[in-house]
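Asker: Going down the list, the sequences are from chains Z and E. Using the working numbering, you'd call the opening residue of the first sequence number 52 and step up by one each time. Using the working numbering, you'd call the opening residue of the second sequence number 19 and step up by one each time. All C-beta atoms in this analysis are idealised placements derived from N, C-alpha and C, irrespective of residue type, glycine included. Remember, predicted model here, so these are calculated numbers, not experimental data.
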Amino acid sequence: GQQLNQSPQSMFIQEGEDVSMNCTSSSIFNTWLWYKQEPGEGPVLLIALYKAGELTSNGRLTAQFGITRKDSFLNISASIPSDVGIYFCAGQLGTGTASKLTFGTGTRLQVTL
Amino acid sequence: DGGITQSPKYLFRKEGQNVTLSCEQNLNHDAMYWYRQDPGQGLRLIYYSQIVNDFQKGDIAEGYSVSREKKESFPLTVTSAQKNPTAFYLCASMREGEGNEQFFGPGTRLTVL
Chain Z
52 GQQLNQSPQS MFIQEGEDVS MNCTSSSIFN TWLWYKQEPG EGPVLLIALY KAGELTSNGR
112 LTAQFGITRK DSFLNISASI PSDVGIYFCA GQLGTGTASK LTFGTGTRLQ VTL
Chain E
19 DGGITQSPKY LFRKEGQNVT LSCEQNLNHD AMYWYRQDPG QGLRLIYYSQ IVNDFQKGDI
79 AEGYSVSREK KESFPLTVTS AQKNPTAFYL CASMREGEGN EQFFGPGTRL TVL
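In structure tokens:
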């Protein structure tokens, strides 16, 4: 099955810095989702995007659905230690329960004090 | 509290044994999913079920089996035919008609010795 290209693979940043990561696909999607996973836990949904060009915020997180429908980015502003984890993007072409998610390979974020 | 539970958190089995992983949800979600996650990789879909008594193969179904006898339960059996069963297994669920947002359980780490 296809996996999305997610970059960077890992990031080491200092507390207070802003972070940007992105996800690209060779196929178009109707939905982009961003998840965060902490070690040994399941992914937690951060932001869902449903429309090309859409820009959505959730606290310090901002995500955009690319206008071509083949990419999405996630920004984290003023990072804090609890932002540590792996961030996954996921794309979906159709709608409803029959339409499968395609996941990115993840961006591992480390935050130093 | 509504949510998805997976048990056990850690599971050890000898090579050649079948093992069943539990997934229960009390969110009244219609669809349930099983994913496999290997170190440094994204999630890959094993099986999914949109309704009771029906399920579909995902991208990596070989060596796995599932059942969906109740709406709230979707157990996964890892059979001896699975060549490399050691992995982190994640269960997810989604309600029909609520966008494309899948919600994940905490995962089960299976180690085959």
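Over what stretch of residues does the beta strand (DSSP E) that includes Z:THR163 continue unbroken?
Answerer: DSSP places Z:THR163 inside the beta strand (DSSP E), whose first and last residues are 158 to 163.
Asker: Quick check: is the beta carbon of Z:PRO59 nearer than 8 angstroms to any beta carbon in chain E?
Answerer: no
Asker: Rounded to the nearest angstrom, how far is the Cβ of E:LEU108 from that of E:GLN55, given a contact under 8 angstroms?
Answerer: 6 angstroms
Asker: Tell me which residue opens and which closes the beta strand (DSSP E) that E:GLU87 is part of.
Answerer: Premise fails: E:GLU87 is in no beta strand (DSSP E) and is neither H nor E.
Asker: Tell me Z:SER71's beta-bridge partners as DSSP assigns them.
Answerer: Z:ASN126
Asker: Classify Z:PHE80 as buried or exposed, calling it buried when 16 or more other Cβ atoms lie within 10 Å of its own Cβ.
Answerer: Buried, since its Cβ has 16 or more Cβ neighbours within 10 Å.
Asker: Quick one: list the residues of chain Z neighbouring E:PHE121, beta-carbon separation under 7 angstroms, in chain order.
Answerer: What E:PHE121 touches in chain Z: LEU96.
Asker: Report yes if the C-beta distance between E:ALA110 and E:TYR28 is below 8 angstroms; otherwise report no.
Answerer: no
Asker: Roughly how many whole angstroms lie between the Cα atoms of Z:GLY157 and E:PHE106?
Answerer: 15 angstroms
Asker: Using a Cβ cut-off of 7 angstroms, pull out every chain Z residue sitting near E:ASN102, in sequence order please.
Answerer: Ordered by position in chain Z, no residue passes the 7 angstroms Cβ test against E:ASN102, which lies about 16 angstroms from the chain.
Asker: Classify E:SER25 as helix, strand or coil using the three-state DSSP reduction.
Answerer: strand
Asker: So, with DSSP's three-state summary, where would you put Z:SER150?
Answerer: coil
Asker: Does Z:PHE139 come within less than 8 angstroms of chain E when only Cβ atoms are used?
Answerer: yes
Asker: Counting only Cβ pairs nearer than 9 angstroms, list the residues of chain E close to Z:PHE124.
Answerer: Chain E residues near Z:PHE124: none, gap ~17 angstroms exceeds 9 angstroms.
Asker: With 8 angstroms set as the bound, which would you pick, yes or no: does the beta-carbon of E:PRO93 sit closer than that to a beta-carbon of chain Z?
Answerer: With 8 angstroms as the cut-off, E:PRO93 does not count as an interface residue toward chain Z.
Asker: If you compare alpha carbons, which of E:PRO103, E:ARG113, E:LYS88 and E:HIS47 is closest to E:ILE64?
Answerer: E:PRO103
Asker: Three or more C-beta pairs under 8 angstroms: does that hold for the region 139 to 146 of chain Z against the region 72 to 91 of chain Z?
Answerer: With a cut-off of 8 angstroms, the region 72 to 91 of chain Z and the region 139 to 146 of chain Z count as touching, because enough Cβ pairs lie within range.
Asker: Which term fits E:PHE73, buried or exposed, when burial requires 16 or more other beta carbons within 10 angstroms of its beta carbon?
Answerer: Counting C-beta atoms within 10 angstroms of its own C-beta, E:PHE73 has 16 or more neighbours from the protein chains shown and is therefore classed as buried.
Asker: Under 7 angstroms, CB to CB, which of the residues in the region 140 to 154 of chain Z have a partner in chain E?
Answerer: GLN143, THR146, GLY147, THR148, ALA149, SER150, LYS151, LEU152 and PHE154
Asker: Hey, quick one: how far does the beta strand (DSSP E) through E:TYR66 stretch, first residue to last?
Answerer: Per DSSP, E:TYR66 belongs to the beta strand (DSSP E) from 61 to 67.
Asker: Any C-beta of chain Z sitting closer than 8 angstroms to the C-beta of E:GLN35?
Answerer: no
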